[in-house]
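J.:
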Amino acid sequence: MGILFGKFLLSAIIGLAGFQVSALPTPGDTPKCTTPTKRMSWHDMTDDAKKSYLAAEQCVMSSPATVKLPGAKTKWDQLVSLHQIHALQIHSTGTFLPYHRYFLHTHEFLLNECGYKGGLPYWDEPRDAGKFSSSPVFSPTLGFGGDGKGAKNCVADGPFSNVTVNIGPGFTTQPRCVNRKITNFLSSLSAKAQVTAALNYSTYDTVWNGIYSGPHLGGHMALSMMNGDSITSPGDPVFFLHHGFVDKMWWDWQAQNPSKRLTEIGGPNAQDPAIGFTEFPGGMEVESQMWGHPTAEMAAAAPDPHAGDKGNVTTLGHVLTSKGIIPDATIADIMDIKGGYLCYDYV
Ligand SMILES: [Cu+2]
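Letter by letter, the sequence shown follows residues -23 to -1, 1 to 324 of mature numbering (1 follows the signal peptide of the UniProt record, and there is no 0).
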């Protein structure tokens, strides 16, 4: 009787302990994604959703910085600065797609802090290919304002006409306006045929560059955000709609073969000095004539491009950082947009 009771008590304790252990989060645990937020094209959002997104973006731009980053005065500057210090490791590399996915997530966190509760918008660019300037994205009332005006191409109408960005151009930190220059004929590079061609590659090693050099670059050329500055283009909030589309392209490719493509990663994790940005000739040193070199403070803030990789090839262990705006993650965490760490879907 006593032994039996003892055994019962023992198994009850083990059971209880087991229950407690499984109820507590353990390292590596990610929450389940049960109700993914919907990321919609700007075309399809309600007027109220557009207004609420634009208001939150204005709030991010007028909120003081909370994390120390070189030259950053506002939360908006923090985002631009993050892109600036990472610029030579997240473009023309295998980390291009994962870092920008994490970067959108960091932006989403700041929008949430400013009260925006909907899913991030993206821009379904093929719908406007060849005629970007007539897109609803550039509405002065329910969009991002129109084409830039004057010698500096400053956006002159809409919610961002009086915004100052303190990061850039290149590796400098000088106050300037939100600016863009739309070129309609270049926006035909965002047509459906170009997107299909980019997603036709069968391996990650080839598709990242198909997207990067194809519709991604085409959009940047057609919009010339922040004077076409590769280092600080996120200063124009249209960047985040464009990169929402870039992220959607990667996801569409992943979803064609999830058993393989939710874990497939590769490519270099930093620019080759002899090549630099693949879209410009001459290599890093020649290209630095366009945007200078990172200052000592920027170089010190830039993360180790090999962190988590044990070499110069991008792996699932690669560390993604926002320097404390949100916690660091690994590429493994962000591969699945409905994996738990991330929880959204494109509709
Ligand atoms: Cu970028």
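All residues carry an ideal CB built from backbone N, CA and C; glycine is no exception. Just so you know, these numbers come straight off a predicted model, no measurement behind them.
Please report the distance separating the alpha-carbon of S18 from that of L218.
T.: One-based indexing of the sequence shown puts residue 18 at position 41. One-based indexing of the sequence shown puts residue 218 at position 241. Rounded to the nearest angstrom, the two C-alpha atoms are 8 Å apart.
J.: I need the straight-line Cα distance from A279 to R78, nearest angstrom please.
T.: In the sequence shown, residue 279 corresponds to position 302, counting from 1. In the sequence shown, residue 78 corresponds to position 101, counting from 1. So the two alpha carbons sit approximately 18 Å from each other.
J.: Would you be able to state if there are at least three C-beta pairs under 8 Å between the segment 115 to 132 and the segment 146 to 164?
T.: Touching, per the Cβ criterion.
J.: Just the Cα atoms here: how many angstroms apart are N177 and P41?
T.: In the sequence shown, the residue the question calls residue 177 occupies position 200. In the sequence shown, the residue the question calls residue 41 occupies position 64. Cα to Cα, the separation comes out at about 43 Å.
J.: Given this structure, state the Cα-to-Cα distance separating A232 from G127, to the nearest angstrom.
T.: Residue 232 sits at position 255 when you count from the first residue of the sequence shown. Residue 127 sits at position 150 when you count from the first residue of the sequence shown. Whole-angstrom Cα-Cα distance: 44 Å.
J.: In chain order, what residues of the same chain have a beta carbon less than 7 Å from the beta carbon of A32, not counting five sequence neighbours either side?
T.: Stepping through the sequence shown from its first residue, residue 32 is reached at position 55. No residues qualify anywhere along the chain.
J.: Nearest-angstrom Cα distance between K94 and T118?
T.: Locating residue 94 in the sequence shown gives position 117, counting from the first residue. Locating residue 118 in the sequence shown gives position 141, counting from the first residue. Straight-line Cα distance between these residues: approximately 20 Å.
J.: Cα separation between H270 and T183?
T.: Position 293 of the sequence shown, counted from the start, is the residue given in the question as residue 270. Position 206 of the sequence shown, counted from the start, is the residue given in the question as residue 183. If you take the alpha carbons of H270 and T183, they lie about 29 Å apart.
J.: Which of the three DSSP states is assigned to A306 in this structure?
T.: The count along the sequence shown starts at 1 and reaches residue 306 at position 329. Three-state result, A306: strand.
J.: Can you tell me the Cα-Cα spacing of R153 and G212, whole angstroms?
T.: Residue numbering aside, residue 153 sits at position 176 when the sequence shown is read from its first letter. Residue numbering aside, residue 212 sits at position 235 when the sequence shown is read from its first letter. Near 10 Å, if we compare the C-alpha coordinates of G212 and R153.
J.: If we count the other Cβ atoms within 10 Å of its Cβ and call it buried at 16 or more, is D313 buried or exposed?
T.: Here residue 313 is taken as the residue at index 336 of the sequence shown, counted from 1. Burial call: buried.
J.: Do you know how far the Cα of A168 is from the Cα of I242?
T.: For the purposes of this step, residue 242 is identified with residue 265 of the sequence shown, where counting begins at 1. For the purposes of this step, residue 168 is identified with residue 191 of the sequence shown, where counting begins at 1. So the alpha carbons of these two residues sit roughly 26 Å apart.
J.: Work out the CA separation of D54 and G145 for me, nearest whole Å.
T.: Taking the first residue of the sequence shown as position 1, residue 145 is located at position 168. Taking the first residue of the sequence shown as position 1, residue 54 is located at position 77. C-alpha separation (whole angstroms): 10 Å.
J.: Is DSSP giving R157 helix, strand or coil here?
T.: Start at 1 with the first residue of the sequence shown, and residue 157 comes out as number 180. Of the three classes helix, strand and coil, the one that applies to R157 here is coil, per DSSP.
J.: Taking contact to mean 3 or more Cβ pairs, one atom from each stretch, closer than 8 Å, check whether the segment 252 to 272 and the segment 99 to 110 are in contact.
T.: These segments do not touch.
J.: Please report the straight-line C-alpha distance between P258 and S207, rounded to a whole angstrom.
T.: Locating residue 258 in the sequence shown gives position 281, counting from the first residue. Locating residue 207 in the sequence shown gives position 230, counting from the first residue. Near 14 Å, if we compare the C-alpha coordinates of S207 and P258.
J.: DSSP three-state label for T183, please.
T.: The residue labelled residue 183 in the question sits at position 206 within the sequence shown. Note: T183 maps to helix in three-state DSSP.
J.: In the DSSP assignment, find the unbroken beta strand (DSSP E) run with D322 in it and report its ends.
T.: Here residue 322 refers to the residue found at position 345 when the sequence shown is read from its first residue. Note, D322: beta strand (DSSP E), Y321 to Y323.
J.: Taking the alpha helix (DSSP H) that K27 falls in, what are its first and last residues?
T.: To locate residue 27, count along the sequence shown from 1; it is residue 50. Element bounds for K27: D24 to S39.
J.: Using the three-state DSSP reduction, which class does P13 fall into: helix, strand or coil?
T.: The sequence position of residue 13 within the sequence shown is 36, counting from 1. Residue state, collapsed to three classes: coil.
J.: On a CA-only basis, which of K9, S112 and D229 is nearest A174? Give me that one, please.
T.: Locating residue 174 in the sequence shown gives position 197, where the first residue counts as 1. That would be D229, whose Cα lies nearest to the Cα of A174.
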